[in-house]
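Colleague:
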Amino acid sequence: MNVLGIETSCDETGVALVRADATGTPRLLAHALHSQIDMHAAYGGVVPELASRDHIRRVVPLAEQVLGRAAIPLAGIDAVAYTRGPGLAGALLVGAGLACALAAALARPAIGVHHLEGHLLSPFLSAEPPSFPFVALLVSGGHTQLLRVDDVGRYRLLGDTIDDAAGEAFDKSAKLLGLGYPGGPALARLAEFGDPGAYTLPRPLLNRDTLDFSFAGLKTAVRTHAVKLEGATCEQARADLAASTQEAIVDILVRRSLGALEATGLASLVVAGGVGANALLRCRLDSACARAGARVHYPELALCTDNGAMIALAAAMRLQRGLATPSAGYAFDVRPRWPLEDAGQPMGVAGSPQHVPL
Ligand code: KG4
Ligand code: ZN
Numbered sequence: 021m022n023v024l025g026i027e028t029s030c031d032e033t034g035v036a037l038v039r040a041d042a043t044g045t046p047r048l049l050a051h052a053l054h055s056q057i058d059m060h061a062a063y064g065g066v067v068p069e070l071a072s073r074d075h076i077r078r079v080v081p082l083a084e085q086v087l088g089r090a091a092i093p094l095a096g097i098d099a100v101a102y103t104r105g106p107g108l109a110g111a112l113l114v115g116a117g118l119a120c121a122l123a124a125a126l127a128r129p130a131i132g133v134h135h136l137e138g139h140l141l142s143p144f145l146s147a148e149p150p151s152f153p154f155v156a157l158l159v160s161g162g163h164t165q166l167l168r169v170d171d172v173g174r175y176r177l178l179g180d181t182i183d184d185a186a187g188e189a190f191d192k193s194a195k196l197l198g199l200g201y202p203g204g205p206a207l208a209r210l211a212e213f214g215d216p217g218a219y220t221l222p223r224p225l226l227n228r229d230t231l232d233f234s235f236a237g238l239k240t241a242v243r244t245h246a247v248k249l250e251g252a253t254c255e256q257a258r259a260d261l262a263a264s265t266q267e268a269i270v271d272i273l274v275r276r277s278l279g280a281l282e283a284t285g286l287a288s289l290v291v292a293g294g295v296g297a298n299a300l301l302r303c304r305l306d307s308a309c310a311r312a313g314a315r316v317h318y319p320e321l322a323l324c325t326d327n328g329a330m331i332a333l334a335a336a337m338r339l340q341r342g343l344a345t346p347s348a349g350y351a352f353d354v355r356p357r358w359p360l361e362d363a364g365q366p367m368g369v370a371g372s373p374q375h376v377p378l
């Protein structure tokens with residue numbers, strides 16, 4: 021079975037083709053991505069209307085590229101998956117529209133996928149895939165969550181952010197330091213030249229008995245220090261503040277992840293979402309988990325940020341388990357706000373899960 025996946029929830033247009041047998045881990049046949057980062061950089065953040073228009077321009081050529089690379093004709097597609105939410109409404113509609121039109125023309129199922137489910141399953145496409153159950157640390161621009169994952173669609177929220185997401189903490193701090201968008205990679209690059217112990221920054225909530233996160237206090241502290249640096253030409257101080265900020269965010273994420281492993285008694289951690297590309301986070305999690313006797317699984321670096329492969333993969337894994345709910349009559353509705361727990365079993369539109377034969 022070949023599943024085409026389309027991702028258009030935010031500022032990346034991603035298309036991919038995944039092949040799945042009745043059992044076993046699906047394989048990635050080809051994927052293509054267009055990042056809108058350069059377009060939005062001029063505005064310091066994502067402009068939703070521009071994002072939608074650019075998805076419209078890019079998505080069909082990307083789909084053609086993917087099919088060409090995989091040498092699969094249109095008729096060789098068995099299901100078309102798209103990101104149904106969460107994300108920007110207009111941007112989501114572009115992927116949903118193409119997916120449903122294509123699926124209708126081919127008389128194949130169209131399957132709406134939860135973006136975060138895509139992220140948390142993405143390490144299954146890596147060289148060392150995890151096995152269920154595991155703890156997932158989802159760290160993206162909009163989400164910071166710890167989940168217990170027992171199987172596809174069986175997610176229990178263990179901890180969530182009560183204010184900003186980890187990616188937001190990176191992005192907002194980077195902005196305060198005068199760095200460009202997206203801030204995470206820019207801040208990480210500047211941090212390489214700084215002293216992570218130069219500034220003492222708060223780790224909100226860490227002394228409380230909870231697995232929740234909070235980053236707002238950290239951002240306020242960064243602002244206070246950044247204001248003092250304004251106008252100063254001391255590059256070293258900016259690098260020190262960047263390094264101290266990254267240190268605080270990573271410290272919070274690592275300590276909470278270890279807490280979740282301990283609370284669940286599980287020995288396997290999956291890290292997914294854009295912030296999962298952060299080198300310091302990977303290094304700290306590797307050593308902390310090794311000390312705790314746990315294993316960490318990451319998606320391939322190219323699949324950490326948004327992409328079509330994770331959407332095709334999530335749909336394929338649901339189809340393998342009879343958990344995918346194809347959109348009835350190819351009518352689609354997107355869900356810009358969609359809690360992951362609501363995307364449990366079955367996914368998508370109301371009604372009992374419809375089994376799509378493999
Ligand atoms: O998962 P993602 O691509 O999009 C969302 O669904 O939000 O995550 C984007 C987030 C941004 O906040 C970006 O700054 C952050 O991931 N990010 C990083 C790094 N690469 C991307 N943060 C820290 N270090 C990185 N290397
Ligand atoms: Zn994402």
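Adding 20 to a residue's 1-based position in the sequence shown gives its number in this note's numbering.
We treat Cβ as the ideally placed atom computed from N, Cα and C, and that holds for glycine.
(1) In three-state DSSP terms, what is Val354?
(2) For the alpha helix (DSSP H) holding Glu282, just list the boundary residues, first then last.
(3) At a cut-off of 8 Å, is His60 close to ligand 1 when judged by its beta-carbon and the heavy atoms of the ligand?
(4) Got a list of residues with beta-carbon closer than 5 Å to any non-hydrogen atom of ligand 2, in chain order?
(5) For a test of your reading of the model: does the CB of Asp191 fall under 8 Å from any non-hydrogen atom of ligand 1? Yes or no.
(6) Return helix, strand or coil for Gln413, following the three-state DSSP convention.
(7) Would you mind giving the Cβ-Cβ distance between Ile97 and Arg128, rounded to the nearest angstrom? I have them listed as a contact below 8 Å.
(8) Just the C-alpha distance for Pro46 and Leu37, rounded to the nearest angstrom, thanks.
(9) Starting from Phe190, follow the alpha helix (DSSP H) in both directions and report where the run begins and ends.
(10) Please report the distance separating the alpha-carbon of Gly25 from that of Val247.
(11) Does the separation of the CB atoms of Gly214 and Ser264 fall below 9 Å?
(12) Can you check which of these residues, Thr240, Asp74 and Arg276, is closest to Arg228 by C-alpha distance?
(13) In the DSSP assignment, what are the bridge partners of Phe9?
(14) From the DSSP output, read off the bridge partner residues of Tyr175.
(15) Sorted by chain position, which residues of the same chain lie with C-beta nearer than 7 Å to Ala312's C-beta, five sequence neighbours on each side aside?
(16) Under three-state DSSP, which class holds Phe233?
(17) Report yes if the C-beta of Ser29 is less than 8 Å from at least one heavy atom of ligand 1; otherwise report no.
Modeller: In this structure, then:
(1) coil
(2) Glu255 to Thr284
(3) no
(4) Ser160 and Asp326
(5) yes
(6) Any question about residue 413 goes unanswered here, given that the chain covers just 21 to 378.
(7) 6 Å
(8) 10 Å
(9) Ala186 to Leu196
(10) 44 Å
(11) yes
(12) Arg276
(13) Residue numbering for the chain in the displayed model covers 21 to 378; residue 9 lies beyond these limits and cannot be assessed.
(14) Val169
(15) Leu278 and Leu281
(16) strand
(17) yes
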